[in-house]
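Novice: Before I ask anything, let me first share the structure, which is written out below as C-alpha cells.
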C-alpha cells in the first residue's frame, strides 16, 4: 500500500511522513553544550543515551558517527547547543514496533557565552499546575513525549525562570527542563525519579560530585511543603549548569547558597566559571 502525504498542502517525503518519532514519540533525545568544538560531559551523555535506547529497545547510533556529525555542525562556533534524537526506524504502520533499528537527527545551534546563562544571584521560579503522570517503565528516560513539559511552559510571567512540577501525589519531581536539589540541615536532597521524571546528566554529575566530597545526599519522595521549608535550593541541566533558586511565591532563599557556590567551583562546567 503506497502512502500519500501533504505537509501544509505540499508533498512530503517519507523521511518526515513516516517518522515514528513524529507519529508516536518512539525515540529518545539528549541536549548538550559544545564549547570550542568539545561536547561538555560527552561520556555521561553517551552513556545515558545508550541506557535510554535500551529501555525502548532501540539500537543506539555509532558513537563515532555522532561525534563526527557534532564536530561538523559545530565547526566555527565557540559556544553551541546540540540536540541528538534517536528514533525507531519505520517499517510498518501501527503502534507495534517491528525493529530495533534506529535513525538519528543531530542539530546544533550557535550560542553566545552568556546565551543560556542564568543570573549568578539566582532565578525566581513558580509552581506549575500541570502534574506529571506516573509511568515507572519510562521513569528517568528522556523520551520524545514531552507534552506535560510543553503544557507547563505555555504561560510564564517574564520574571519567572523555570516552573517546578509535581506528580499526581503532590511530590516535587523536577522543573520543566531541569532537575531540582535542595538543602535541609546540611544534607542535600533530590526528588526520587522512580515513577516519573527525567534523570539528567547534570543531576548525575551533582550526585557524583557530592559523593566525592563526602557530602550527604539522598534521593527522596519530596512533598512540596517540605521543599518550601528547605534552607537552599537550586536546579541544573546540561546547558546552564547549576542555577540557584531565589524565590518561589512568597518563599525566599539565600541565593546563591553555600552549596551552589561550592559546586560551582568543584563541578567543572563552562557556565560555572562565568559565575566565579
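In the working numbering, the protein residues as written are 51 to 326. Glycine is no exception: its CB is placed at the ideal position from the N, C-alpha and C atoms.
1) DSSP puts residue 156 in a beta bridge; with which residues?
2) Among the candidates 202, 292, 241, whose CA atom is the shortest distance from the CA of residue 267?
3) What is the rounded straight-line gap between the Cα of residue 51 and the Cα of residue 143?
4) Cutting at 7 Å between CB atoms, please list the residues of its own chain near residue 217, excluding the five before and the five after it.
5) Which value, in whole angstroms, describes the spacing of the CA atoms of residue 135 and residue 156?
6) What is the DSSP secondary structure of residue 129, reduced to helix, strand or coil?
7) For residue 79, count neighbouring Cβ atoms within 10 angstroms of its own Cβ and tell me buried if that reaches 16, exposed if not.
8) Per DSSP, what kind of secondary structure is residue 184 in: helix, strand or coil?
9) Within its chain, find whatever has a CB closer than 6 Å to the CB of residue 239; leave out the 5 residues flanking it on each side and keep chain order.
10) List the endpoints of the continuous alpha helix (DSSP H) containing residue 98.
11) With a Cβ-Cβ cutoff of 8 Å, do residue 255 and residue 295 count as a contact?
12) Shortest alpha-carbon distance to residue 148 belongs to which of 187, 161, 66, 108?
13) Considering only their Cβ atoms, is the gap separating residue 187 from residue 158 smaller than 8 Å?
14) Enumerate in chain order the residues of its own chain whose CB-to-CB distance from residue 65 is below 6 Å, with the five nearest sequence positions on each side excluded.
15) Measuring CA to CA, which of 274, 248, 98 is closest to residue 195?
16) Compare the Cα-Cα distances from residue 172 to each of 81, 286, 57, 54 and report the closest residue.
17) Would you be able to state if there are at least three C-beta pairs under 8 Å between the region 92 to 111 and the region 68 to 78?
18) How many whole angstroms separate the CB atoms of residue 154 and residue 207, which I take to be in contact at a CB cut-off of 8 Å?
19) Starting from residue 248, follow the alpha helix (DSSP H) in both directions and report where the run begins and ends.
Specialist: Working from what's here:
1) Along the chain shown, one-based indexing puts residue 156 at 106. In DSSP, residue 156 forms a bridge with 134.
2) Reading the chain shown from its first residue, position 217 is the one you call residue 267. For residue 267, the nearest C-alpha among the options comes from 241.
3) Along the chain shown, read from residue 1 onward, the residue named residue 51 stands at position 1. Along the chain shown, read from residue 1 onward, the residue named residue 143 stands at position 93. A caution first: residue 51 carries a pLDDT of 41, below 50, which makes its placement in the model unreliable, though a value can still be read off. Roughly 10 Å between the two C-alpha positions.
4) Stepping through the chain shown from its first residue, residue 217 is reached at position 167. Same-chain partners within the cutoff: 181, 182, 184, 223, 245, 246.
5) Position 85 of the chain shown, counted from the start, is the residue given in the question as residue 135. Position 106 of the chain shown, counted from the start, is the residue given in the question as residue 156. Rounded to the nearest angstrom, the two C-alpha atoms are 6 Å apart.
6) Start at 1 with the first residue of the chain shown, and residue 129 comes out as number 79. Note: residue 129 maps to strand in three-state DSSP.
7) Sequence index remark: in the chain shown, residue 79 carries index 29 (1-based). Buried.
8) Position 134 of the chain shown, counting from 1, holds the residue named residue 184. Three-state DSSP puts residue 184 in coil, outside helix and strand.
9) Residue mapping note: residue 239 aligns to position 189 of the chain shown, counting from 1. Once the five neighbours on either side are set aside, the close Cβ partners of residue 239 are 232, 268, 270.
10) For this step, residue 98 is matched to residue 48 along the chain shown. Start and end: 92 to 106.
11) For the purposes of this step, residue 255 is taken as the residue at position 205 of the chain shown. For the purposes of this step, residue 295 is taken as the residue at position 245 of the chain shown. Result no, Cβ atoms of residue 255 and residue 295 do not sit closer than 8 Å.
12) Taking the chain shown and counting its residues from 1, the one referred to as residue 148 is at position 98. Ranking the options by Cα distance to residue 148, first place goes to 108.
13) As a working note, residue 158 is residue 108 in the chain shown. As a working note, residue 187 is residue 137 in the chain shown. No, the pair does not count as a contact, with Cβ atoms beyond the cut-off.
14) To locate residue 65, count along the chain shown from 1; it is residue 15. Excluding positions up to five away in sequence, the list is empty.
15) The residue labelled residue 195 in the question sits at position 145 within the chain shown. It is 248 whose Cα lies nearest to the Cα of residue 195.
16) If you number the chain shown from 1, residue 172 lands on position 122. Ranking 81, 286, 57, 54 by Cα distance to residue 172 puts 286 first.
17) yes
18) For this step, residue 154 is matched to residue 104 along the chain shown. For this step, residue 207 is matched to residue 157 along the chain shown. The pair is not a contact, with the Cβ atoms about 37 Å apart (cut-off 8 Å).
19) Numbered from its first residue, the chain shown carries residue 248 at position 198. Where residue 248 is concerned, there is no enclosing alpha helix (DSSP H), given that its DSSP letter is neither H nor E.
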